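Trainee: Residue numbers (the numbering used here): -13 to 236.
Yeah, the Cβ is synthetic: ideal placement off N, Cα and C, and Gly gets one too.
Note that this is a predicted model, so its numbers are computed, not measured.
Dropping the structure in here first, questions after.
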């Protein structure tokens, strides 16, 4: 009996070891597209993925300030379908991982927001994300991994920033609808807490900055979490306000 038990545990150990090895190798030589990859979370994530052996293509309107190997900037405005189509044509398929990260922030209560801000936030955060998914289809591998970047504000809709939270709730819902219609796609959703990026500081007054400075985390923090998510079979990263940290969930 002891010998039998030993072999059962040994077999399970080998299977577990193989799974760990596979996850560690998952990102090596993979082709990744990140929108908004020139700064903030996008650029930190690009560096983390490249460190794992991935090739990263960034769709962004501006070039990154830092040049790194295996990172290709492609000038794309995700509100304009023609530039998205041109961007994908510059990448040799298949694309293994697509990360919809680009976004903008405006603060204020829902009925105090301007029409321009409404159009801007929904145009980039939601419509832009949808356009990228739409025109990526011919270039994706048969079972791609897709990451939709939502926010803690997409989980519990705030009074302020109201429009931003609403768009990020829609981004999360978009992921659910796309997953239902494309069951072969592995769609993951990230809802980070406050991260030290230009987006986070948009509309924050001087008096509020010292307090907020104590709450934010560096982009590398959430980038490491997203890499761990990609290397796992989990589906979601959610911000836990009690722990003041992001947790990876099924």
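#1: How big is the Cα-Cα spacing for residue 199 and residue 164?
#2: Among 28, 178 and 92, which residue has its Cα nearest to the Cα of residue 235?
#3: Please classify residue 195: is it buried, with 16 or more other beta-carbons within 10 angstroms of its beta-carbon, or exposed?
#4: Using 7 Å as the cut-off, classify the Cβ of residue 234 as near or not near the heavy atoms of the ligand MG, replying yes or no.
#5: Count Cβ pairs between the segment 79 to 99 and the segment 140 to 154 that sit closer than 8 Å; are there 3 or more?
#6: Along the alpha helix (DSSP H) that carries residue 186, what are the first and last residues, could you check?
#7: Between which two residues does the beta strand (DSSP E) containing residue 134 stretch?
#8: With the cut-off set at 8 Å, would you say residue 181 and residue 144 are in Cβ contact?
#9: How would you label residue 227, buried or exposed, when you count the other beta carbons within 10 angstroms and need 16 or more for buried?
#10: What is the rounded straight-line gap between the Cα of residue 183 and the Cα of residue 202?
#11: Does the distance from the C-beta atom of residue 107 to that of residue 131 stay below 8 Å?
#12: Between residue 70 and residue 225, what straight-line distance do the alpha-carbon atoms span, to the nearest angstrom?
#13: Pull up the distance between the alpha-carbon of residue 157 and that of residue 82, whole angstroms please.
#14: Rounded to whole angstroms, what is the Cα-Cα separation between residue 166 and residue 193?
#15: Residue 47: which of 139, 73, 208 and 154 sits nearest, CA to CA?
#16: Taking the alpha carbon of residue 188 as the point to measure from, which residue in 103, 15 and 117 has its own alpha carbon closest?
#17: Would you decide whether residue 15 is buried or exposed? Buried here means 16 or more other CB atoms lie within 10 Å of its CB.
#18: Could you pull out every residue in the same chain whose Cβ sits closer than 7 Å to the Cβ of residue 56, ignoring the five residues on either side in sequence?
#19: Between which two residues does the alpha helix (DSSP H) carrying residue 41 extend?
Mentor: Judging by the given coordinates:
#1: The sequence position of residue 199 within the chain shown is 213, counting from 1. The sequence position of residue 164 within the chain shown is 178, counting from 1. Near 36 Å, if we compare the C-alpha coordinates of residue 164 and residue 199.
#2: Translated into positions along the chain shown, residue 235 becomes position 249. Residue 178 is the option with its Cα nearest to residue 235.
#3: The count along the chain shown starts at 1 and reaches residue 195 at position 209. Exposed, by the Cβ-count rule.
#4: This structure does not include the ligand MG; it has no bound ligands of any sort.
#5: yes
#6: Position 200 of the chain shown, counted from the start, is the residue given in the question as residue 186. Residues 184 to 187.
#7: Start at 1 with the first residue of the chain shown, and residue 134 comes out as number 148. It spans 126 to 135 - the beta strand (DSSP E) in which residue 134 sits, taken as one unbroken run.
#8: Taking the first residue of the chain shown as 1, we reach residue 181 at position 195. Taking the first residue of the chain shown as 1, we reach residue 144 at position 158. Cβ atoms of residue 181 and residue 144: not closer than 8 Å.
#9: Residue 227 sits at position 241 when you count from the first residue of the chain shown. Its Cβ having fewer than 16 others within 10 Å, residue 227 is exposed.
#10: Walking along the chain shown from the start, residue 183 turns up at place 197. Walking along the chain shown from the start, residue 202 turns up at place 216. When rounded, the distance between both Cα atoms is 9 Å.
#11: Here residue 107 is taken as the residue at index 121 of the chain shown, counted from 1. Here residue 131 is taken as the residue at index 145 of the chain shown, counted from 1. Cβ atoms of residue 107 and residue 131: not closer than 8 Å.
#12: Translated into the one-based positions of the chain shown, residue 70 becomes position 84. Translated into the one-based positions of the chain shown, residue 225 becomes position 239. Rounded to the nearest angstrom, the two C-alpha atoms are 30 Å apart.
#13: Translated into the one-based positions of the chain shown, residue 157 becomes position 171. Translated into the one-based positions of the chain shown, residue 82 becomes position 96. Roughly 21 Å separates the two Cα atoms.
#14: As a working mapping, residue 166 is identified with position 180 in the chain shown. As a working mapping, residue 193 is identified with position 207 in the chain shown. Taking the straight line joining both Cα atoms gives about 45 Å.
#15: Indexing the chain shown from 1 puts residue 47 at position 61. Measuring from the Cα of residue 47, the nearest candidate turns out to be 73.
#16: As a first step, residue 188 is located in the chain shown; it is residue number 202 there, counting from the start. Per the Cα distances, 103.
#17: The residue given as residue 15 occupies position 29 in the chain shown. That one is exposed.
#18: Numbered from 1 along the chain shown, position 70 holds the residue referred to as residue 56. 36, 41 and 42.
#19: Taking the first residue of the chain shown as position 1, residue 41 is located at position 55. Counting along the chain, residue 41 falls outside any alpha helix (DSSP H), though it belongs to the beta strand (DSSP E) covering 41 to 46.
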